[in-house]
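Protein chains in written order, with this note's numbering: chain F, 529 to 875; chain R, 529 to 875.
Quick reminder that beta carbons are idealized off the backbone N, C-alpha and C, glycines included.
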DNA sequence: ACCGATTCTGCAAACGATTGCAGGGTTTCA
DNA sequence: TGAAACCCTGCAATCGTTTGCAGAATCGGT
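Written out as structure tokens, the structure reads:
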């Protein structure tokens, strides 16, 4: 039923080799023959069988992507970028969801290995040793996790956090809570790294948690943060921040009048919350595309390919952050010295 | 580098045929040999090359899924079900996103056809003629779109709407706005079908729109609905309903005191909104799983397989719906006659 | 018209698995 | 001990491509 290269060859009156070459290596075949073959192939609706081709070339033309959890909007966003970039490079995409399970993830890479030319791991949940063992099974690119000598795409979360800190400092905040996500996660580490700037800006930070990186986690965290008497709350991600917003509303704490709230990710809902959430936006789609670029490079053996692609984060200022009451009761410039003094504090 | 069946055969001191059979047809080979082969295979870490197998068997062991837009949370939810069910049935999953474009979608099916045993189309955006032409290229299962003689999984959206109508009627609402989504979409049609029950329940419905099925669409629609002096607003989906909620809050219209709001889909945010949104929940994951079941059945040629799998929707009552002011000013039982009269009105 | 140099084209061997068929062993029974 | 019956195992063909190699066709120049 499906039309093979044999069919095209017979129909065109040439050998299969000629058909193969006419389609893949145009300069090796006479122009007239080429045209004839191509025309015949189109007329018959011939599409090469990738499996058969892969058997001999050793390349499958497939990429694999493994994500921890499709119901976390973070990952479909990346996936979308992977998708379109892969299509552009003429690769098909295998998808797998490992349910936040590192062992499962490792198993999936093994299972995929034979069917793909390379795999993209999003926020891998593998333990370092699992990861170490997995590297080498197939070409691998990591997103948001960094391993020595392995190509990675990382989002400059620490940089994003620094923007957030500067923003809060500029508004005059001096006492801020950070609501941690999963303690071991790379993302959480990076956020904390960025937080170190707070000292230099004269901001005292109190770290709470870890909390579940969810709406419910935010509900939970909000009360604890409030008890610390801070003027601003930075949440691990937007989902948590939305939870915080919701809980504060219930307690009649006004945002941003009484306390400022800040999230990470810029998920679609962030802009729709009341008040719209100030947050650190990530370039999900770009990350996906970059990962494909890196992987394709790696596969084609161009060792000259770069190993590390860092994507900027961008603070999106919306209505959930403002000057704290304390700062607003005095002239605005009164807060300036605090910032200028800061270097002295830091050193 | 990768270990082939040849390697296993050599190592185990048997022929490749024996290895193949030891792994695939246990009863055809002596128990002792089988054990030895299996042990060797495991020791060497042998995994059959699916492409090679597919060449001869004609089966690839792969499934394809095409979705209109990964950034719509509706689809990742389905995808998650597809994923896990496919894994259970030992199929790998190809994913493609057609960017809401029917032509692209058709092209993707063609491109996938050779590499998969079947394809699942979620809320296909193809025109009827495109779809007609695509059927037959490969085994096909549709989700949320119904075509004669084609296996489909559909969500009983009309039934869900009827639950919504009954709920509003029971609360005493008599004048309701429905905010339409994309007019041509199957989902919108189904919702309108379910709305027909309103007449029999003594409810007057005014249909507005179409609007974009997004938060912004909801912002837009809210004012129009308010102008119609209704006591309840039913939105095409939750995203729109959230927009409505947001706009009403801005206008100081209290929900549910002044007006009730109701959505569709039960996206994660629905329960986190203020007030939490009453909505019609769909069984996304189940839909994905069911589609895989149908497809696997179809592939294995068991024509006895069912053709149509209908999934119930379930109204989730939260805090965004309540009795209208009009009904609340009189004793609650006063609204009962309206409902009992209803059949007469309907006939 | 012939020769060498160039271009094209076809043959056949891979790639890694599955499977029909036939042959080799072992067992069973006479 | 021999033959029939059975159970295992191996040979070899096959799936649809690509590609090294060799042979055929074309061409230009004399």
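Chain R contact for residue 851/F (CB, 8 Å cutoff): no
Secondary structure of residue 849/R, DSSP reduced to three states: Residue 849/R: coil per DSSP, three-state reduction.
Residue span of the alpha helix (DSSP H) that contains residue 748/R, given as start and end: 743-755
Within chain F, the residues that residue 622/R reaches when beta carbons sit closer than 9 Å: 590, 620, 621, 622 and 623
Beta-carbon contacts of residue 805/F that lie in its chain and below 6 Å, excluding the five residues immediately before and after: Excluding positions up to five away in sequence, the list reads 769, 791, 798, 846 and 848.
Proximity test, Cβ basis, 8 Å: residue 743/F and chain R: yes
Test item: CB-CB of residue 741/R and residue 710/R under 8 Å: yes
Beta carbon proximity, residue 860/R to chain F, threshold 8 Å: Note on residue 860/R: pLDDT 43, under 50, position unreliable in the model; no value is reported.
Short Cβ contact (8 Å threshold) for residue 707/R with residue 737/R: Against a cut-off of 8 Å, the Cβ pair of residue 737/R and residue 707/R comes out as a contact.
Partner residues on chain F for residue 604/R, Cβ-Cβ distance less than 7 Å: 598, 599 and 604
Contacts that residue 779/F makes with chain R (C-beta to C-beta distance below 8 Å): Chain R residues near residue 779/F: none, gap ~13 Å exceeds 8 Å.
Assumed close pair residue 685/R, residue 718/R - CB separation to whole angstroms, cut-off 8 Å: 4 Å
Minimum Cβ-Cβ distance from residue 583/F to chain R less than 8 Å: yes
Cβ pair residue 621/F, residue 622/R closer than 8 Å: yes
8 Å Cβ cutoff, residue 800/R in contact with chain F: yes
Integer-rounded CB distance, given that residue 648/F should sit under 8 Å from residue 823/F: 6 Å
Sub-8 Å separation of residue 597/R and residue 559/R beta-carbons: no
Through-space distance from residue 690/R to residue 683/F, alpha-carbon basis: 46 Å
Residue 734/F - DSSP class collapsed to helix/strand/coil: For residue 734/F, the secondary structure class from DSSP, reduced to helix, strand or coil, is strand.
Cβ neighbours of residue 641/F in the same chain (closer than 8 Å, five flanking residues each side left out): Excluding residues within five positions, the ones whose Cβ falls inside 8 Å are 647, 665 and 666.
Below-8 Å beta-carbon distance, residue 577/R vs any chain F residue: yes
Partner residues on chain F for residue 530/R, Cβ-Cβ distance less than 7 Å: 642
Other residues of its chain near residue 716/R: CB distance less than 7 Å, five sequence neighbours each side excluded: 708, 709, 710 and 764
Beta-carbon separation (whole angstroms), residue 531/F vs residue 568/F, contact threshold 8 Å: Not confirmed; about 10 Å, so no contact.
Simplified DSSP state of residue 740/R, which is helix, strand or coil: Residue 740/R falls in the coil class under three-state DSSP.
Option nearest residue 828/R by Cα separation, candidates 739/R, 714/R, 588/R and 549/R: 588/R
Closer than 8 Å to chain F by CB, residue 608/R: yes
Under 9 Å by beta carbon: chain F residues contacting residue 770/R: Going along chain F in sequence order, the residues near residue 770/R (Cβ under 9 Å) are 797 and 800.
Rounded C-alpha distance that separates residue 669/R from residue 548/F: 33 Å
Three CB pairs or more closer than 8 Å across the region 717-731 of chain R and the region 747-756 of chain R: no
Own chain, CB closer than 6 Å to residue 499/F, minus 5 neighbours either side, in chain order: The displayed coordinates of chain F run from 529 to 875. Any statement about residue 499/F would go beyond what the structure contains.
Buried or exposed by the 16-neighbour rule on C-beta atoms within 10 Å, applied to residue 608/F: buried
Alpha helix (DSSP H) runs wholly inside the region 566-648 of chain R, at least 4 long, in chain order: 578-585, 602-616 and 630-641
Chain-order list of residues whose beta-carbon lies under 7 Å from that of residue 590/R (same chain, five-residue window excluded): 619, 620, 622, 643, 644 and 645
Inter-residue spacing [alpha-carbon to alpha-carbon] between residue 814/F and residue 543/R: 50 Å
Boundaries of the alpha helix (DSSP H) in which residue 555/F is found, first to last residue: Here residue 555/F belongs to no alpha helix (DSSP H), and DSSP marks it neither H nor E.
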